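Data first, discussion second: the structure below is written as structure tokens.
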Amino acid sequence: MIPNDPVMLLSFINLKLRDFYQSLDALCDDLDADKAEIVEKLAAIDYHYDAEQNKFV
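Everything in the sequence shown is counted per our numbering, starting at -11 for the first residue and increasing by one.
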């Protein structure tokens, strides 16, 4: 369900955060996703979670 490609993952996660979830933790809990893995994959393409904006920037 969650994309493997980092660029597709970025788009997917930011869309979900924008439209459905108040935080990355809430998204990961609901989708049973590994937060550390998501953060690591997106850091590899120089995107980092900003809790204040609730998105990867």
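Cβ atoms here follow ideal geometry from the backbone N, Cα and C, with glycine treated the same way.
As the structure is a prediction and not an experimental result, all values here were calculated from the model.
*State the Cα-Cα distance for the pair residue 15 and residue 44, rounded to the nearest angstrom.*
Along the sequence shown, read from residue 1 onward, the residue named residue 15 stands at position 27. Along the sequence shown, read from residue 1 onward, the residue named residue 44 stands at position 56. The straight-line gap from Cα to Cα measures roughly 13 Å.
*Nearest-angstrom Cα distance between residue 37 and residue 12?*
As a working mapping, residue 37 is identified with position 49 in the sequence shown. As a working mapping, residue 12 is identified with position 24 in the sequence shown. Taking C-alpha positions only, residue 37 is separated from residue 12 by approximately 8 Å.
_Inter-residue Cα distance where the pair is residue 41 and residue 5_ = Here the question's residue 41 lines up with position 53 in the sequence shown. Here the question's residue 5 lines up with position 17 in the sequence shown. Roughly 10 Å separates the two Cα atoms.
*Is it true that the CB of residue -2 sits closer than 8 Å to the CB of residue 19?*
Reading the sequence shown from its first residue, position 31 is the one you call residue 19. Reading the sequence shown from its first residue, position 10 is the one you call residue -2. In this structure, residue -2 does not lie closer than 8 Å to residue 19 by Cβ.
*Distance CB(residue 33)-CB(residue -6) smaller than 8 Å*: Position 45 of the sequence shown, counted from the start, is the residue given in the question as residue 33. Position 6 of the sequence shown, counted from the start, is the residue given in the question as residue -6. A contact, by the Cβ cut-off of 8 Å.
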